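Enquirer: The opening residue of the sequence shown carries number 1 in UniProt numbering; numbering runs sequentially from there.
Backbone N, C-alpha and C fix where the C-beta goes; we use that ideal spot for every residue, glycine too.
Please read all numbers here as calculations on a predicted model, not as lab measurements.
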Amino acid sequence: MNPSPVDVELLSQIASQTGRQYTDAYTVWMEYYAYPDVYTIVDTVLWVAQNQKLSVLDAIKAVRDIEEQFGGAL
Numbered sequence: 001m002n003p004s005p006v007d008v009e010l011l012s013q014i015a016s017q018t019g020r021q022y023t024d025a026y027t028v029w030m031e032y033y034a035y036p037d038v039y040t041i042v043d044t045v046l047w048v049a050q051n052q053k054l055s056v057l058d059a060i061k062a063v064r065d066i067e068e069q070f071g072g073a074l
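1) Just mark Ala49 as buried or exposed, buried being the case when its beta carbon has 16 or more other beta carbons within 10 Å.
2) Use the C-beta contact count for Ile66: other C-beta atoms within 10 angstroms, 16 or more gives buried, fewer gives exposed.
3) How about Leu11 and Tyr22: are their beta carbons less than 8 Å apart?
4) Taking all protein chains shown into account, do 16 or more other C-beta atoms lie within 10 angstroms of the C-beta of Asp7, making it buried, or fewer, making it exposed?
5) Since I believe Gln69 is in contact with Ala59 (beta carbons under 8 Å), could you give me their beta-carbon distance rounded to a whole number of angstroms?
6) Beta carbon of Ala25, beta carbon of Leu54: below 8 Å?
7) Going by C-alpha distance, which of Pro36, Tyr32 and Ser4 is nearest Leu57?
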């Protein structure tokens, strides 16, 4: 499945607000582009990464682990 067009401006804004780089936001977007709430997920993962001092890949794993504990779909 091809990703829908990325909203570069929104990803840049989310990255800036969470103290991360655009490439971090894009990495998360690539993992979740098929989800309708992809930009909320990007914001959440980057927030976790910044506040827990994690790499983006570790934050993705942490968010997935939390979702699995609570029966989420991620």
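Expert: In short:
1) In the sequence shown, counting from the first residue as 1, residue 49 sits at position 49. Under the 10 Å beta carbon count, Ala49 is surrounded by 16 or more other beta carbons and is classified as buried.
2) As a working note, residue 66 is residue 66 in the sequence shown. Its Cβ having fewer than 16 others within 10 Å, Ile66 is exposed.
3) Mapped onto the sequence shown, residue 11 falls at position 11. Mapped onto the sequence shown, residue 22 falls at position 22. Yes; because the gap between Cβ atoms is below 8 Å, this pair is in contact.
4) Taking the sequence shown and counting its residues from 1, the one referred to as residue 7 is at position 7. The residue is exposed, with fewer than 16 neighbouring Cβ atoms inside 10 Å.
5) Within the sequence shown, residue 59 is the residue found at index 59, counting from 1. Within the sequence shown, residue 69 is the residue found at index 69, counting from 1. Contact doesn't hold; Cβ gap of about 16 Å is too wide.
6) As a first step, residue 25 must be located in the sequence shown, where it is residue number 25. As a first step, residue 54 must be located in the sequence shown, where it is residue number 54. The answer is no: Cβ separation not under 8 Å.
7) Here residue 57 refers to the residue found at position 57 when the sequence shown is read from its first residue. Comparing Cα-Cα distances from Leu57 to each of Pro36, Tyr32 and Ser4, the minimum goes to Tyr32.
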